[in-house]
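Right, one structure below, let's go through it.
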Amino acid sequence: MRISHIALYDCASHRHVRMGAVAAFLRETFGIPAVSRTSPYVDRRDAHACRVRNMFRPPERWGEGDAGDSPLYDGYMLADLLGGMLSHDEGAFHVLFVDDMIGTYDPADMRYHGRALISANPCIVSVRGMCEAPARPRDYCIDVMACAASGGDAQEVESRHGGRFLTYDDPRMQEVAHGYVMQAVFHFETGEAFCTDAGCRLYNSHWQSDVIHTQVMSPRLCGRHQDALRRMAAGAA
Numbered sequence: 002m003r004i005s006h007i008a009l010y011d012c013a014s015h016r017h018v019r020m021g022a023v024a025a026f027l028r029e030t031f032g033i034p035a036v037s038r039t040s041p042y043v044d045r046r047d048a049h050a051c052r053v054r055n056m057f058r059p060p061e062r063w064g065e066g067d068a069g070d071s072p073l074y075d076g077y078m079l080a081d082l083l084g085g086m087l088s089h090d091e092g093a094f095h096v097l098f099v100d101d102m103i104g105t106y107d108p109a110d111m112r113y114h115g116r117a118l119i120s121a122n123p124c125i126v127s128v129r130g131m132c133e134a135p136a137r138p139r140d141y142c143i144d145v146m147a148c149a150a151s152g153g154d155a156q157e158v159e160s161r162h163g164g165r166f167l168t169y170d171d172p173r174m175q176e177v178a179h180g181y182v183m184q185a186v187f188h189f190e191t192g193e194a195f196c197t198d199a200g201c202r203l204y205n206s207h208w209q210s211d212v213i214h215t216q217v218m219s220p221r222l223c224g225r226h227q228d229a230l231r232r233m234a235a236g237a238a
């Protein structure tokens with residue numbers, strides 16, 4: 002493996018994503034050391050510069066009139082900022098968990114989209130993005146809009162659809178976090194971003210139902226990626 006060890010940084014406040022459990026999963030899966038490190042201090046003014054200033058333009062086209070008060074952070078800009086604060090010892094793969102919502106600009110439809118993962122080194126996993134980036138069920142969204150229009154009970158809608166998507170107090174977040182970091186490690190090692198097999202843990206899930214299926218209900222690799230994992234683990238031995 003190109004990676005000799007993995008460093009984890011907990012820049013998030015989420016109680017259901019524990020770095021010790023992530024480290025244990027990585028050690029067991031890839032057979033390489035994984036440890037928690039002290040999170041870097043980030044000046045909020047520097048972080049503010051990473052905020053998306055226009056949802057419909059890439060960073061190089063942001064203008065003076067663009068506000069910069071979006072709750073969304075450009076994932077690659079944030080990765081560059083955080084990466085500059087880390088000690089890049091040879092063979093290290095860095096994973097930072099953050100609370101902030103991150104996104105990337107897609108030139109295909111000329112707008113930003115929320116992401117749970119920035120697959121680079123350093124890799125960023127957004128805890129908020131796990132809950133908000135993959136889409137919730139269509140019928141849930143329709144019910145929410147109908148409830149808002151009629152002044153109905155929003156809590157009743159949430160209860161009716163409970164378990165169909167991740168929430169901030171969801172213990173399933175731990176397994177989902179494992180899957181996202183696994184995707185980043187595979188991407189770094191193989192150059193392949195995602196798997197096209199909808200049953201593989203490396204599948205690029207756009208819906209909450211897919212995330213729950215591939216990361217919680219049936220967290221497995223397809224045959225091709227099982228073979229790749231065996232080769233990677235053998236190289237780490």
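Using the working numbering, the first residue of the sequence shown is number 2, and each one after it goes up by one. Glycine residues also receive a C-beta, built at the ideal position from the N, C-alpha and C atoms.
(request) For the alpha helix (DSSP H) holding ARG58, just list the boundary residues, first then last. (result) Taking the first residue of the sequence shown as position 1, residue 58 is located at position 57. No alpha helix (DSSP H) contains ARG58, which DSSP labels as neither H nor E.
(request) Pick out whichever of ILE7, SER88, ILE4 and TYR106 has its Cα sitting closest to the Cα of ARG54. (result) By one-based count along the sequence shown, residue 54 stands at place 53. When only C-alpha atoms are compared, the closest one is TYR106.
(request) Measure the CB-CB distance between ARG46 and SER71 and report whether it falls below 9 Å. (result) Residue 46 sits at position 45 when you count from the first residue of the sequence shown. Residue 71 sits at position 70 when you count from the first residue of the sequence shown. No, they are not a contact pair.
(request) Below 6 Å CB to CB, which residues in the same chain sit around ALA8 once its five sequence neighbours on both sides are set aside? (result) For the purposes of this step, residue 8 is identified with residue 7 of the sequence shown, where counting begins at 1. Counting only Cβ-Cβ distances below 6 Å, and skipping sequence neighbours, we find ARG38, ALA93 and HIS95.
(request) Could you spell out where the beta strand (DSSP E) holding HIS89 opens and where it closes? (result) Counting from one through the sequence shown, the residue named residue 89 turns up at place 88. Counting along the chain, HIS89 falls outside any beta strand (DSSP E), and DSSP gives it neither H nor E.
(message) Extract the residue ranges of the beta strand (DSSP E) inside the segment 124-186, only unbroken runs of 3 or more that lie entirely within it.
(response) Runs found: 124-127.
(request) Compare the Cα-Cα distances from GLU157 to each of ARG165, CYS148 and ALA22 and report the closest residue. (result) If you number the sequence shown from 1, residue 157 lands on position 156. It is CYS148 whose Cα lies nearest to the Cα of GLU157.
(message) Within the continuous beta strand (DSSP E) that includes ARG112, where are the two ends?
(response) The sequence position of residue 112 within the sequence shown is 111, counting from 1. Unbroken beta strand (DSSP E) run through ARG112: 112-116.
(message) Using 8 Å as the cut-off, can you tell me whether the segment 22-35 makes contact with the segment 112-121, which would need three or more C-beta pairs spanning the two stretches below that distance?
(response) Judged by pairs of C-beta atoms under 8 Å, the segment 22-35 does not touch the segment 112-121, as fewer than three such pairs exist.
(request) Could you say which of ASP44, ASP101 and GLY64 lies nearest to TYR169 if we only look at CA atoms? (result) Here the question's residue 169 lines up with position 168 in the sequence shown. For TYR169, the nearest C-alpha among the options comes from ASP101.
(request) Please say whether ALA50 and MET78 have beta carbons closer to each other than 9 Å? (result) Stepping through the sequence shown from its first residue, residue 78 is reached at position 77. Stepping through the sequence shown from its first residue, residue 50 is reached at position 49. Yes, the Cβ-Cβ distance between MET78 and ALA50 is below 9 Å.
(request) Name the one or two DSSP bridge partners that TYR74 has. (result) Position 73 of the sequence shown, counting from 1, holds the residue named residue 74. TYR74 is bridged by DSSP to ARG52 and ILE103.
(request) Return the bridge partner residues of PHE31 from the DSSP annotation. (result) The residue given as residue 31 occupies position 30 in the sequence shown. Beta-bridge pairing by DSSP links PHE31 to no other residue.
(message) Measuring only the C-alpha atoms, how far is SER210 from PHE189?
(response) By 1-based counting over the sequence shown, the position of residue 210 is 209. By 1-based counting over the sequence shown, the position of residue 189 is 188. In this structure, the alpha-carbon of SER210 lies about 26 Å from that of PHE189.
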